[in-house]
Amino acid sequence: MKKKSLNIILVKFAVISIILLTAMPGYASSTAFQSGIGAYSRHEYIIAEHYFRKALLTDPNNTSIRYYLAITLVKNNKAGEAREEYQAIIDLNPYSEAAEKARHGLRLIQNKTLKKKVVLNINGHNSALIVRNVKINNHAVSSFILDTGATYTSISTSLARELGVLSSNAPRVNIMTANGAVNAPKVILKSIEIDGLIASNVEVIILDISATKDVAGLLGLNFIQKFKLTIDKRNGELILENP
Numbered sequence: 002m003k004k005k006s007l008n009i010i011l012v013k014f015a016v017i018s019i020i021l022l023t024a025m026p027g028y029a030s031s032t033a034f035q036s037g038i039g040a041y042s043r044h045e046y047i048i049a050e051h052y053f054r055k056a057l058l059t060d061p062n063n064t065s066i067r068y069y070l071a072i073t074l075v076k077n078n079k080a081g082e083a084r085e086e087y088q089a090i091i092d093l094n095p096y097s098e099a100a101e102k103a104r105h106g107l108r109l110i111q112n113k114t115l116k117k118k119v120v121l122n123i124n125g126h127n128s129a130l131i132v133r134n135v136k137i138n139n140h141a142v143s144s145f146i147l148d149t150g151a152t153y154t155s156i157s158t159s160l161a162r163e164l165g166v167l168s169s170n171a172p173r174v175n176i177m178t179a180n181g182a183v184n185a186p187k188v189i190l191k192s193i194e195i196d197g198l199i200a201s202n203v204e205v206i207i208l209d210i211s212a213t214k215d216v217a218g219l220l221g222l223n224f225i226q227k228f229k230l231t232i233d234k235r236n237g238e239l240i241l242e243n244p
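Using the numbering used here, read the sequence shown as starting at 2 and increasing by one per residue.
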């Protein structure tokens, strides 16, 4: 009788332990993480990314989860986001083994983009060169005017608000426009990307320069000078590539 009672107590204890364990955030992240590992091993990278992101929500300081998310993002052709995850690993613990792997991952991404170039068609009517599908901070996608005569790159007020970089405390700079002198806020964007060609830490001013909502700003010299610029007049092409 005593043995039966003891067994009942042990069963109840086991059930309670399981309930408590599954309620813990660490368990939830571990379960999602293992599901992500399984999906990754089956080459189901979209599914793996979903699970790794889910695991990271409950355990954001776990460098193992971040590392697997980073390599999965590379598989999903999201180099910019992978770069951010690798950097987060290094920032969390610069001297760890995970940080060393993250540095290696960053070097691999850099090597893949070293020879990257973008070819833009120049029209023959002296109108603005519109660059479409420009990705800002790995998030917002907009159209920009490429302007070799503009000193600064600029973004519209609405885009700055969308990116969360609009601040009353931002430093300001005086610039000349077609309508006269303007005192505009200046901020730093983490990245500006055109078809895989990425410029990091770009200073931009917040200024509404276009009458159309389709254009979110100008790509000026401080963006262009980060790359090698070639103008092929014969073929009507403007080429940007890593130096």
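All C-beta atoms in this analysis are idealised placements derived from N, C-alpha and C, irrespective of residue type, glycine included.
Simplified DSSP state of residue i, which is helix, strand or coil
i: PHE145; result: strand
i: THR23; result: For THR23, the predicted structure reports a pLDDT of 38, less than 50, and the residue's modelled location is therefore unreliable. A value from the coordinates is still provided. Helix, per DSSP.
i: SER192; result: strand
i: ARG43; result: coil
i: ALA29; result: With a pLDDT of only 49 at ALA29, under the threshold of 50, the placement of this residue in the model should not be trusted; the figure read from the coordinates follows. It is helical.
i: GLN226; result: coil
i: ALA151; result: coil
i: LEU160; result: helix
i: ILE210; result: coil
i: ILE38; result: helix
i: ILE131; result: strand
One or two residues paired with residue i in a DSSP bridge
i: ILE199; result: GLU194
i: ASN175; result: ASN184
i: THR231; result: ILE240
i: VAL166; result: Its beta-bridge partners do not exist; DSSP assigns none.
i: GLU204; result: ILE189
i: GLY218; result: ILE156
i: ILE137; result: ALA141 and ILE193
Proximity to residue i [Cα-Cα], best of the options
i: ILE253; options: LEU230, VAL205, LEU164 and LYS118; result: This structure cannot speak to residue 253, because the chain is shown only from 2 to 244.
i: ALA40; options: ALA49, VAL216 and VAL135; result: ALA49
i: ALA33; options: ASP92, LEU58 and ARG43; result: LEU58
i: PHE224; options: VAL174, LYS55 and VAL135; result: VAL135
i: SER155; options: LYS55, THR231 and VAL188; result: VAL188
i: ASN78; options: ILE110, SER31 and ALA56; result: ILE110
i: ALA161; options: TYR153, VAL174 and ALA141; result: ALA141
i: GLU242; options: TYR46, ILE38 and VAL119; result: VAL119
i: LEU239; options: LEU147, ARG108, LYS102 and LEU107; result: LEU147
i: LEU107; options: LYS191, GLU82 and LYS117; result: GLU82
Assumed close pair residue i, residue j - CB separation to whole angstroms, cut-off 8 Å
i: LEU167; j: ILE137; result: In fact, because the Cβ distance is near 13 Å, the residues do not count as touching under 8 Å.
For a minimum of 4 consecutive residues, which ranges assigned as the alpha helix (DSSP H) are wholly contained in the stretch 55 to 122? Complete alpha helix (DSSP H) runs here, min 4: 64 to 76, 80 to 93 and 98 to 114.
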